[in-house]
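*Asks:* Heads up: take any position in the sequence shown, counting from 1, add 180, and you land on our numbering.
By construction, the Cβ of each residue, glycine as well, lies at the ideal position given by its N, Cα and C atoms.
From a predicted model like this one, the values you see are computed outputs, not experimental measurements.
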Amino acid sequence: MIIIIDLILMLIDLTYSIISAIIRTLLRPRLKSVDGELCLITGAGGGLGRLFALEFAKEGAELVLWDCNTEANELTAKLVREKGVKAHTYTVDLSRRDNIYQTAELVRKEVGDVTMLVNNAGVVAGRRMLECPDELLERTLLVNCHALFWMTKAFLPHMKARNHGHIVTVASTLGLFSTACVEDYCASKFGAVGFHESLTHSLLAEEGLDGIKTTLICPYIVNTGMFAGCKIREELQGLIPPLDPLYCVQQSMNAILSDQPMVCIPRVMYIAFLSRALLPWDANVATYRFMGGDKCMYSFIKTKEQNTNGHVKPC
Ligand SMILES: NC(=O)C1=CN([C@@H]2O[C@H](COP(=O)(O)OP(=O)(O)OC[C@H]3O[C@@H](n4cnc5c(N)ncnc54)[C@H](OP(=O)(O)O)[C@@H]3O)[C@@H](O)[C@H]2O)C=CC1
Ligand SMILES: CC1=C(/C=C/C(C)=C/C=C/C(C)=C/C=O)C(C)(C)CCC1
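1) Going residue by residue through the region 203 to 273, where are the continuous beta strand (DSSP E) segments of at least 3 residues, counting only ones entirely within it?
2) Hey, is the region 221 to 231 in contact with the region 246 to 260, meaning 3+ C-beta pairs nearer than 8 Å?
3) Look up Gly-345 in the DSSP assignment and give the residues it is bridged to.
4) In terms of residue numbering, what span does the alpha helix (DSSP H) encompassing Val-443 cover?
5) Sort Phe-370, Thr-394, Gln-440 by Cα distance to Leu-379 and report the nearest one.
6) Is the Cβ-Cβ distance between Cys-248 and Val-272 less than 8 Å?
7) Out of curiosity, what's the CA-to-CA distance linking Ile-347 and Ile-451?
8) Ile-397 and Ala-435: beta carbons closer than 8 Å?
9) Run through the region 439 to 495 for me and flag every whole beta strand (DSSP E) of 3 or more residues, listed as ranges in chain order.
10) Can you tell which of Asp-474, Ser-479, Leu-189, Ile-192 has the C-alpha that lies nearest to the C-alpha of Leu-354?
11) Would you call the region 414 to 421 and the region 237 to 246 touching, i.e. three or more CB-CB distances under 8 Å?
12) Who are the near neighbours of Phe-375 in its chain, counting only those whose CB is closer than 6 Å to its CB and skipping five residues on each side?
13) Apart from the five residues just before and just after Val-260, which ones in its own chain have a Cβ nearer than 6 Å to its Cβ?
14) Helix or strand or just coil, what does DSSP make of Asn-403?
15) Taking C-alpha atoms, which residue in Glu-235, Arg-277, Val-362, Ser-352 lies nearest to Leu-437?
16) Tell me Cys-398's beta-bridge partners as DSSP assigns them.
17) Specify, as a first and last residue, the run of the alpha helix (DSSP H) that Leu-321 falls within.
18) Would you tell me roughly how many angstroms separate the C-alpha atoms of Pro-313 and Arg-319, rounded to the nearest one?
Here is the structure:
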């Protein structure tokens with residue numbers, strides 16, 4: 181008998197979530213205020229990270245900016261301060277767990293408890309696996325995936341103590357479906373998606389933690405330079421163009437500020453995600469070949485080779 185009641189309650193919940201998701205998609209959802217929040221952004225010296233900092237500053241959040249590139253990070257801080265917002269910079273190598281924990285402690289002492297965490301920093305080896313130094317492949321996993329564990333372990337306890345906070349994971353569409361020649365990146369982003377989802381389930385399952393929100397962001401190619409050269413079949417490029425970084429960040433901000441659990445940017449990427457799960461493997465291979473998704477990284481790898489001259493930029 182109880183199971184029947186539970187089943188009816190579950191079906192009501194399910195219908196309600198579908199209807200509210202549709203309404204959220206069609207109407208403009210109410211956005212929360214982040215005025216007075218302490219927001220930490222990793223990779224703040226780079227493309228999306230800097231734009232996230234500027235958007236959060238516009239919304240009135242105080243900022244803690246982490247990057248391994250001190251100069252680029254200071255420039256972000258300068259731009260943020262010009263908006264009359266406080267910004268605190270830290271030079272951190274996210275591939276080093278000890279460095280993350282030490283810097284987190286320093287932030288707690290010098291600034292206070294972080295209430296919003298935007299795990300944005302990411303790297304990609306950009307070489308064919310068999311020709312790539314092991315350390316470079318390993319670095320992708322450390323920065324894009326392992327660092328999520330250490331960041332969460334460092335900052336979640338204080339959010340839990342106050343039942344207040346928000347953890348944002350900037351993953352990728354390549355965390356939902358994959359392509360050739362980016363094994364390190366796909367493994368790390370699939371890992372990031374899995375980590376994020378499990379963390380979200382853990383928070384939902386624990387009583388009294390309804391004040392801690394999570395958002396997973398899965399963008400397609402963004403014109404920041406990170407994936408310069410990556411392209412699909414020429415005739416289809418106009419149909420699914422690379423994203424403008426500001427558009428990507430504004431769409432992400434809408435998702436974050438409306439406490440949306442996940443967003444694919446652009447929305448058409450949900451179709452690729454769904455077809456990966458629903459269609460037979462060979463059917464996906466056929467659509468990849470037709471759309472140029474199978475070899476989309478070839479020119480990226482070539483461009484990266486030319487830009488770096490075969491050298492690895494140390495963090
Ligand atoms: N660009 C794209 O097409 C897409 C990007 N994404 C994801 O979005 C996020 C942001 O990407 P994007 O802005 O394009 O990337 P960028 O390379 O422009 O910026 C990344 C920033 O992170 C910093 N960083 C790299 N490694 C470390 C490290 N070990 N410790 C601390 N900071 C580090 C970089 O510093 P430095 O410059 O010195 O290396 C850089 O400032 C990433 O997670 C990426 O995977 C998702 C989908 C598409
Ligand atoms: C594989 C594939 C596609 C191409 C996807 C690309 C090119 C994704 C690039 C993503 C990047 C660069 C993410 C970075 O984090 C299509 C055409 C959508 C069709 C379905 C299969």
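*Replies:* For this structure:
1) Listed in chain order, they are 218 to 222, 242 to 247, 267 to 271.
2) Yes, the region 221 to 231 is in contact with the region 246 to 260.
3) The partner list for Gly-345 (beta bridge, DSSP) reads Ile-392.
4) Not the alpha helix (DSSP H): Val-443 falls in the beta strand (DSSP E), residues 442 to 445.
5) Out of Phe-370, Thr-394, Gln-440, Thr-394 has the C-alpha closest to the C-alpha of Leu-379.
6) It is a contact, given that the beta carbons lie within the stated cut-off.
7) Taking the CA atoms as reference points, Ile-347 sits about 26 Å from Ile-451.
8) Result yes, Cβ atoms of Ile-397 and Ala-435 sit closer than 8 Å.
9) Runs found: 442 to 445.
10) Minimum Cα distance to Leu-354 is reached at Asp-474.
11) Touching, no, given that fewer than three Cβ pairs across the two stretches are closer than 8 Å.
12) Closer than 6 Å at Cβ, skipping near neighbours: Leu-328.
13) Closer than 6 Å at the Cβ level, and outside the excluded window around Val-260, lie Ala-233, Ala-237, Leu-243, Ala-267.
14) Looking at Asn-403 - three-state DSSP - the assignment turns out to be coil, as it is neither helix nor strand.
15) Glu-235 is the residue among Glu-235, Arg-277, Val-362, Ser-352 whose C-alpha sits nearest the C-alpha of Leu-437.
16) Answer is Cys-444.
17) Membership of Leu-321 in the alpha helix (DSSP H) is indicated by the continuous run 314 to 321.
18) Going by C-alpha positions, Pro-313 is about 10 Å away from Arg-319.
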